[in-house]
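If you read the protein sequences in the order shown, they are chains A and B.
If you use this note's numbering, the first sequence corresponds to residues 1 to 331, in order.
If you use this note's numbering, the second sequence corresponds to residues 1001 to 1330, in order.
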Amino acid sequence: MSDIAQLTSSQLSSMYEVMCKSQALELRILKGMRSGEFATIIWPARGQEAVAGALSLALRPDDRLITTYRGLHDHVAKGVPLVEIAGEVLGTSVGACKGKGGTMHIAAPEQGLMMSTGIVGSGLPVGVGLALAARFQKSDRVTAVTFGDGATNTGSFHEAVNLAATWKLPVVFVCQNNLYAEMTPVEETMAIPHVADRAKGVGMPGITVDGNDPVSTYLAIRGAVDRARAGEGPTLVEAVTFRFEGHYAGDQMKYIPAEQLEEAKKHDPMITFRETLLSHPEITEEHLAAIEARAAQEVDEAVEAAKAAPQPDAAEIERDVYAERLVAGNV
Amino acid sequence: MSKKATIREAINSALDEALRTSAQVFLLGEDLADPAAGVNAVTRGLALEHGHDRVLNTPISEAAIVGAAVGASLEGMLPVAEIMIMDFIGIAMDQIVNHAAKLRYMSAGRTTSPITVRAVVLEGSGAGGTHSQSLEGWFMHIPGLKVVYPSTPADAKGLLLSSIFDPDPVLFMEASRLYGKRGPMPTEDGFRIPIGKADVKRQGRDITIVTYGPATWEALEAAEALSAEGIEAEVVDLRTLLPLDLETVLASVAKTRRAVVAHHAVTFGGPGAEVASQITEALFNELVEPVVRVGAKFSPIPARASEAAVTLGTGDIVAAVKKVAGAVRV
Ligand SMILES: Cc1ncc(C[n+]2csc(CCOP(=O)(O)OP(=O)(O)O)c2C)c(N)n1
Ligand SMILES: [Mg+2]
């Protein structure tokens, strides 16, 4: 862990709170799926909460974020109401997208969450466009785009980072390198040791950090955000972490060696960060327990509300294909 | 010889035979090699049997997957590229449409690109708009391509082998919801179903349901329900969309004089429009009623249970048939 003295106890607590809510939300959904309480699919980010904590502290409310199908933690980080996340996951009308988008496609522009994509790599070019718009609109807001290690093998990644670097756009590219792309270990699909090395080729800084440590991840992302806001262009931050629940909920993870998983769990950010926090002179066990209890309660309420809400009705399902409904018969 | 097998096993068996009998064949795609062997376990055992140098795991790079297949095919190889979920095919579209499909023509036959692209339709998973589409209509519009979409284990095996060894590029579609479907599957090497041949899956005198892929099963289910009401539907499974087996379709409709076209692709501008138009042009005077199309509603596919509100169901086919043939028995 890096030096927590660089942050105030309230900054540290707020990161921990985001992490707790993210963990509690996923565990609650997984529990519901496993017990048959409801059916859905999620791509869990359990294990990657430190990145969400860091993003939540590094971004301003008006800064933008784009994430992926593995994005529930990022949605929490950007302040999307828990009931909107849970509703979308369950496909009910209180969801951020009225239940029509689903887990993979959550958007909440009021909180600056402009898109979540189910297409690997596709968030990066869109993030470049968000940043371009900020420049046109003379806003100093910054865009963060987050994605996995596997996404850095797509053409979209390479085209987007080059464009952002060439145009010196205010973007921060945050790679959550969890060492696997579905079932494929990262080293099988790239010939360089670090994703961050890819930055050199387009002329922008690339930093690799311990993505299980919210403090060093925050410091790296914050530095990149400050650079972007100052007009100095994009940065690629690679946060090295791990996912504990498989690619999708229910994935048996046969392709992950048991020793690797066991070792990774020793660096579970929820455990290690908690221990670190307790070493802070102003942070007590009671304080952390209160944060955890609050997170659990808010998550429970959100999931109950999401469950109680109806599915989108027929009129809702027909809405939003276009701004105005096309005349029946013409389609 | 024949045995009961699932479509998953049939596709695996076809890939196995192709790899075993031709040194030109190789597979490439995301996560398809053992031990992972893909999200759908379709390629299980093939890398162990034939080597990881012939069953290649790729990075998430669809343009490069299909582009590399095109390149290798120019050198005489017979690559089978996998697009894990069809919705991702847009990224490889340039390679398929502007290269694989046109190289033979544009080089006046001096180069050819006999690739096979396997693309999986995930409708039924509730995953939402970017993981559920049936996009065959896009490819039917491209001269130079062939498009195949089987519904049974035997058809899947025979058509996949025909696709791999076909001299032209073939888009081979698979519905993940049909992977577990069981049926007889010939086991001997050399079994083939020709590309461009439809199959009458059910005989009937009153109306023809022209369909393909997973909709074949809904059409058969609809036909049973209609039979109880005295309407006997003939079900023609196209199996290949490009080239279309018009002969079989027209022979059936000439007999029944009524037709419904059913598919999971969006109805508007979809494959059914082409089929309906061809039937109408050829049999205008024979038809008792206009040909009716049923497919997905004109909407992105919503997530979770709402999916069913937009996608094709057996009830849609029954309703369409009743619209066209409702007066048959009176
Ligand atoms: C263009 C595209 N190709 C393939 C897929 C299927 N797919 C979904 S997630 C995934 C792995 C992505 O790995 P990574 O970028 O490391 O993100 P992670 O899931 O590990 O967070 C793949 C191949 C997809 N969604 N989009
Ligand atoms: Mg990954």
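In this text, a Cβ means the ideal position worked out from N, Cα and C, and glycines have one as well.
Item to check | Residues whose Cβ lies closer than 6 Å to any heavy atom of ligand 2, in chain order | outcome: A:148, A:149, A:150, A:178, A:180 and A:181
Item to check | Segment contact flag, the region 1145-1160 of chain B with the region 1068-1077 of chain B, C-beta cutoff 8 Å, min 3 pairs | outcome: no
Checklist entry - Under the DSSP definition of a beta bridge, which residues are partnered with residue 206 of chain A? => result A:236
Next on the checklist: Does the structure place the region 1007-1018 of chain B close enough to the region 311-327 of chain A that three or more beta carbon pairs sit under 8 Å?
Outcome noted: With the cut-off at 8 Å, the region 311-327 of chain A and the region 1007-1018 of chain B do not touch.
Checklist entry - Can you check whether the CB of residue 1201 of chain B is closer than 8 Å to the CB of residue 1245 of chain B? => result no
Checklist entry - With residue 1087 of chain B and residue 1130 of chain B assumed to form a contact (beta carbons below 8 Å), what rounded beta-carbon distance in angstroms separates them? => result 5 Å
Checklist entry - Taking buried to mean at least 16 other C-beta atoms within 10 Å of its own C-beta, is residue 1141 of chain B buried or exposed? => result exposed
Next on the checklist: Between the region 215-224 of chain A and the region 243-260 of chain A, can you find at least three pairs of beta-carbon atoms closer than 8 Å?
Outcome noted: Under the 8 Å Cβ criterion, the region 243-260 of chain A does not count as touching the region 215-224 of chain A, having fewer than three qualifying pairs.
Next on the checklist: Taking 8 Å as the threshold (C-beta atoms), are residue 152 of chain A and residue 1036 of chain B in contact?
Outcome noted: It is not a contact, given that the beta carbons lie outside the stated cut-off.
Checklist entry - So what does residue 1057 of chain B bridge to, in DSSP terms? => result Beta-bridge partners assigned by DSSP to residue 1057 of chain B: B:1029.
Next on the checklist: Distance cutoff 8 Å, beta carbons only. Does residue 1330 of chain B sit that close to anything in chain A?
Outcome noted: Caution applies to residue 1330 of chain B, whose pLDDT of 41 falls short of 50 and renders its modelled position unreliable; the value that the coordinates give is listed next. Closer than 8 Å: no.
Item to check | Beta bridge counterpart(s) of residue 1004 of chain B as assigned by DSSP | outcome: B:1184
Checklist entry - Should residue 1025 of chain B be flagged as near chain A, meaning a C-beta pair shorter than 8 Å? => result So, not an interface residue.
Next on the checklist: With three or more beta-carbon pairs closer than 8 Å as the criterion, would you say the region 131-145 of chain A touches the region 96-111 of chain A?
Outcome noted: Touching, no.
Checklist entry - With 8 Å set as the bound, which would you pick, yes or no: does the beta-carbon of residue 101 of chain A sit closer than that to a beta-carbon of chain B? => result With respect to chain B, the C-beta atom of residue 101 of chain A has a partner C-beta closer than 8 Å.
Item to check | Span of the beta strand (DSSP E) around residue 942 of chain B | outcome: Since the displayed chain B opens at 1001 and closes at 1330, residue 942 of chain B lies outside it and no answer follows.
Next on the checklist: Give me, in chain order, the residues of the same chain whose beta-carbon lies closer than 7 Å to that of residue 280 of chain A; leave out the 5 immediate sequence neighbours on both sides.
Outcome noted: These residues qualify, in order along the chain: 4, 9 and 12.
Checklist entry - Does any C-beta atom of chain B lie closer than 8 Å to the C-beta of residue 311 of chain A? => result yes
Checklist entry - Is the CB of residue 1272 of chain B under 8 Å away from at least one CB in chain A? => result It does not; no Cβ of chain A falls within 8 Å.
Item to check | N-terminal and C-terminal residue of the beta strand (DSSP E) that residue 176 of chain A is part of | outcome: 171-177
Checklist entry - Should residue 1088 of chain B be listed as close to ligand 1, given that the test is whether its C-beta is under 7 Å from any heavy atom? => result yes
Checklist entry - Hey, is residue 105 of chain A close to ligand 1, as in C-beta under 7 Å from one of its heavy atoms? => result no
Item to check | Expected contact under 8 Å - CB spacing of residue 1235 of chain B and residue 1220 of chain B to nearest Å | outcome: 6 Å
Next on the checklist: Just to confirm, is the Cβ distance from residue 15 of chain A to residue 53 of chain A under 8 Å?
Outcome noted: yes
Next on the checklist: Looking at chain B, is there any beta carbon in it that lies within less than 8 Å of the beta carbon of residue 153 of chain A?
Outcome noted: Put simply, the CB of residue 153 of chain A is near chain B, with a gap under 8 Å to one of its CB atoms.
Checklist entry - By Cβ distance, which residues of its chain are closer than 6 Å to residue 1223 of chain B, with the 5 residues on each side in sequence left out? => result 1202, 1233 and 1235
Checklist entry - Between residue 1031 of chain B and chain A, is there a C-beta pair that is closer than 8 Å? => result yes
Checklist entry - Are the beta-carbon atoms belonging to residue 41 of chain A and residue 126 of chain A less than 8 Å from one another? => result No. Outside cutoff.
Checklist entry - For residue 120 of chain A and chain B, any beta-carbon pair shorter than 8 Å? => result yes
Item to check | residue 1167 of chain B, buried or exposed, once every other Cβ within 10 Å from all chains shown has been counted against 16 | outcome: Result: exposed.
Checklist entry - Measuring CB to CB, does residue 1018 of chain B end up less than 8 Å from residue 1164 of chain B? => result yes
Item to check | Span of the beta strand (DSSP E), counted from its first residue to its last, around residue 88 of chain A | outcome: Residue 88 of chain A -> not in any beta strand (DSSP E); alpha helix (DSSP H) instead, spanning 82-90.
Item to check | the region 248-273 of chain A: positions lying closer than 8 Å to chain B by Cβ | outcome: Result list: 254 and 255.
Item to check | Member of B:1314, B:1269, B:1180 and B:1271 whose CA lies at the smallest distance from the CA of residue 1041 of chain B | outcome: B:1180
Checklist entry - Is residue 138 of chain A buried or exposed, if buried means 16 or more other CB atoms sit within 10 Å of its CB? => result So residue 138 of chain A ends up on the exposed side.
Checklist entry - Apart from the five residues just before and just after residue 1330 of chain B, which ones in its own chain have a Cβ nearer than 8 Å to its Cβ? => result Bear in mind that a pLDDT of 41 at residue 1330 of chain B, under 50, signals an unreliable position, so the model cannot answer this.
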